[in-house]
Amino acid sequence: MIEILNPALLARARDTGALVADILQTLKARSAVGVNLLDIDRWTKSLITEAGAVSCYVDYEPSFGRGPFAHYICTGVNDAVLHARPHDYTLTDGDLLTLDLAVSLRGVAADAAISFIVGETHPPESVALITATEKALAAGIAAALPGARTGDISHAIGTTLTEAGYTVNTEFGGHGIGSTMHQDPHIPNTGRPNRGYKLRPGLLLALEPWIMADTSTLAIDPDGWTLRSATGCRTAHSEHTVAITEEGAEILTLSKLPQG
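Read in the UniProt record's numbering, the sequence shown has 184 at position 184, and its numbers run on one by one without any break.
So this is what it looks like as C-alpha cells:
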C-alpha cells in the first residue's frame, strides 16, 4: 500500500515527527554511562504515553520477528544495528548507541533513528560510521524531489556509503510510512537512478541508511529480533521521516530541543 497524504494528514504527520524527534533527543540526553537499556525503554514508554501517542513497536509482530517486539524502542549497542530489543545492559564509556523509534499520533506514524557515542571516549571508527550514515541520509533527502524516483534516493545513499569505504546490505532499508509504520515503496540503501516509484507530493518516506564497519552480513540474536554485524564490528544507523512536497523533501523528525 502507498498512501498520499492530504494537507490535513500532513499537518498531523508534522506533529508526530516532532514528537519522535523530541523523544529521541530527550533519551540521548539521558543516555549516560551507567544507564541501563531497560531504563531507556521505560522512559520511552512514559514519554509516548504522556504525549497521548501510541507505540508502533510494542505489539509489532512481522513475519521476520519472533513474536511481538514487546518493547517501545530499539536500543542497538556497538555491533547491534537493527531491531535491537532492550535488555539488561548498562552503558559504558565509548559505547556506540543507536536509538530507533516509531510512534503514531492521531492516526499518523513517524519513524527516526540516531546513533551517538556514550561518554567521553569517541573511537575514530565509531565517529566515521556515524558521520557516513548522516551524510548518506542527507544525500538521500536531497534526492527526494517531486518527480524523482525511489532509485534516485537509493543511488544517492549507496554512492555516499560506498565512497566512504563501506559495503551496503539491501535486506532492510527505507520505506513508505503513513497510517501504518511500514508501507510501500521499499527504498534499498543502494540502487540505480531513474528506477522505481515516482515521488509525488503528499508521500511520506522513512529513509534509513545503516552500515557495519567491515561487513555487509547480518547475524540474528537468540531473541529472534536483534540484528548484529556478523563479524562483531561496530555499526551505525541514521533515519528521518520526510514528506515529499512541491519544493522537495521536508524533514519531519528534526528536534527543536537543545542538541546534546
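Even glycine gets a Cβ: it sits at the ideal position worked out from N, Cα and C.
Assuming the contact rule is C-beta atoms closer than 8 Å, residue i and residue j should be a hit. Round their C-beta distance to whole Å, please.
i: CYS74; j: HIS83; result: 6 Å
i: ASP68; j: ASP59; result: In the sequence as displayed, the identity of residue 68 is Pro instead of Asp. About 5 Å separates the two Cβ atoms, so the contact holds.
i: LEU205; j: VAL242; result: 6 Å
i: residue 302; j: ALA13; result: There is no way to answer for residue 302, as the model of the chain reaches only from 1 to 260.
i: GLY232; j: GLY65; result: Contact doesn't hold; Cβ gap of about 22 Å is too wide.
i: THR133; j: ILE187; result: Not really, about 15 Å apart at Cβ, beyond 8 Å.
i: ALA51; j: LEU105; result: 7 Å
i: THR150; j: PRO185; result: 5 Å
Start and end of the alpha helix (DSSP H) containing residue i?
i: VAL127; result: 124-143
i: HIS83; result: It is not in any alpha helix (DSSP H) - HIS83 carries neither H nor E in the DSSP assignment.
Between which two residues does the beta strand (DSSP E) containing residue i stretch?
i: LEU19; result: Note, LEU19: premise wrong, no beta strand (DSSP E); alpha helix (DSSP H) at 7-30.
i: GLU250; result: 249-251
i: THR160; result: Where THR160 is concerned, there is no enclosing beta strand (DSSP E), although the alpha helix (DSSP H) it sits in stretches over 150-163.
i: ALA213; result: Run containing ALA213: none; DSSP gives neither H nor E here.
i: residue 261; result: Lying outside 1 to 260, the shown extent of the chain, residue 261 is not represented and no answer is given.
i: ILE187; result: 183-187
i: SER229; result: 227-229
i: GLY174; result: 174-176
Kindly identify the DSSP beta-bridge partner or partners of residue i.
i: LEU101; result: ALA112
i: ASN36; result: THR90
i: GLU239; result: ALA113
i: ALA219; result: ARG228
i: ALA206; result: HIS175, THR241
i: SER63; result: DSSP lists no partner for SER63.
i: VAL54; result: SER104
Step through the CB atoms of chain D and report whether any lies within less than 9 Å of the CB of residue i.
i: GLY165; result: The structure shown has no chain D; it contains just one protein chain.
Does the pairing of the stretch 17-34 with the stretch 93-104 give three or more beta-carbon distances under 8 Å?
Output reads yes: the stretch 93-104 touches the stretch 17-34.
Can at least three beta-carbon pairs, one atom from the stretch 125-132 and one from the stretch 176-186, be found at a separation below 8 Å?
By the Cβ rule, the stretch 125-132 does not count as touching the stretch 176-186, because fewer than three pairs are nearer than 8 Å.
Whether or not the stretch 111-124 and the stretch 138-150 are in contact is what I'm after, with contact meaning three or more pairs of Cβ atoms, one per stretch, closer than 8 Å; do they touch?
No: fewer than three Cβ pairs fall under 8 Å.
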